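Some notes on the structure that comes next.
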Amino acid sequence: MKTPKIIARLIETAIAAQKNAYCPYSRYPVGASVLTESGRIFAGANVENASYGLSICAERVAVFNAVARGQRALKAACVVASAAKPCGACRQVMIEFSAKDTVLYLVDLNPRTGSKTVTKTTVLRMLPSAFDPIASGLLPPNPHNLLRAKLFQSRAGARRGRRRR
31 MKTPKIIARL
41 IETAIAAQKN
51 AYCPYSRYPV
61 GASVLTESGR
71 IFAGANVENA
81 SYGLSICAER
91 VAVFNAVARG
101 QRALKAACVV
111 ASAAKPCGAC
121 RQVMIEFSAK
131 DTVLYLVDLN
141 PRTGSKTVTK
151 TTVLRMLPSA
161 FDPIASGLLP
171 PNPHNLLRAK
181 LFQSRAGARR
191 GRRRR
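Residue numbering for the sequence shown follows my numbering, beginning at 31 and increasing consecutively.
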């Protein structure tokens with residue numbers, strides 16, 4: 031369960047990560063954090079490169095940090111920036127490791143005043159028609175794609191319920 035204390039830690043971790051952003055070209059610092067099913071929080075900051083295509087967003091850094099440490103199930107994610115919204119690539123990466131109810135906190139942080147506005151949504155709501163590697167035949171159903179696994183579980187439960195009648 032995500033308590034207010036854990037949510038505050040998730041947000042503060044993303045704010046701290048934003049301070050480490052390397053963004054000399056866009057001057058758009060972004061911080062992100064993810065909360066895994068095990069209760070661990072991982073951070074990420076955007077890192078730009080003069081060859082702009084080699085840059086990476088904060089959200090993907092946070093997810094990849096979690097995955098590199100064996101954590102493949104996201105319970106919640108947080109993005110901090112001025113007008114915080116994950117790009118399409120980051121939304122797709124988050125979907126890969128999310129359940130349909132994985133919460134996403136978008137924290138719009140005003141750099142001049144320090145005021146913040148928090149919007150709560152879900153990863154799936156941010157990308158409702160996400161590319162599904164299982165439906166495409168690229169992957170068999172497995173726990174690494176939690177979105178599809180949970181959808182299969184809910185459908186299987188509904189089918190079992192119909193048979194009992």
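Ideal Cβ placement from N, Cα and C applies to all residues, glycine included. All values reported here derive from a predicted model rather than from experimental measurement.
Own chain partners of residue i with C-beta closer than 7 Å, once the 5 adjacent residues on each side are dropped
i, result
"T152", "D131, T132, V133 and L134"
"T147", "D138"
"K150", "V133 and Y135"
"A103", "T66, E67, F127 and L176"
Nearest residue (CA-CA) to residue i, options the options
i, options, result
"S63", "N140, A114 and G144", "A114"
"T66", "M156, P141, F127 and K146", "F127"
"Y58", "P158, R121 and I86", "I86"
"N76", "C117, E89 and A119", "E89"
"V110", "S166, K32 and A51", "A51"
"N79", "P158, C53, S68 and L104", "C53"
"M156", "E42, A129 and T143", "A129"
"E42", "S166, L104, G118 and G144", "G144"
Span of the beta strand (DSSP E), counted from its first residue to its last, around residue i
i, result
"V137", "S128 to L139"
"L104", "L104 to A111"
"A62", "G61 to T66"
"A73", "I71 to A75"
Beta carbon proximity, residue i to chain C, threshold 9 Å
i, result
"F127", "Here there is only one protein chain, and chain C is not present."
Residue i: first and last residue of the uninterrupted alpha helix (DSSP H) it sits in
i, result
"T151", "Here T151 belongs to no alpha helix (DSSP H); instead the beta strand (DSSP E) covers K146 to T152."
"I37", "P34 to Q48"
"A96", "A88 to A98"
Beta-carbon contacts of residue i that lie in its chain and below 8 Å, excluding the five residues immediately before and after
i, result
"R99", "R70 and F72"
"Y82", "Y55"
"S112", "Y58, D138, L139, N140 and P141"
Cβ-Cβ distance between residue i and residue j below 9 Å
i, j, result
"V93", "A107", "yes"
"L154", "I125", "yes"
"A38", "G61", "no"
"F161", "Q122", "yes"
"G74", "N95", "yes"
"K32", "K105", "yes"
Per-residue burial, residue i [other beta carbons within 10 Å of its own, 16 or more giving buried]
i, result
"A44", "buried"
"C120", "buried"
"P141", "exposed"
"L40", "buried"
"R178", "Note that R178 scores 47 on pLDDT, short of 50, meaning its location in the model is unreliable; the coordinates nonetheless yield the value given after this. Buried is the call here."
"P158", "exposed"
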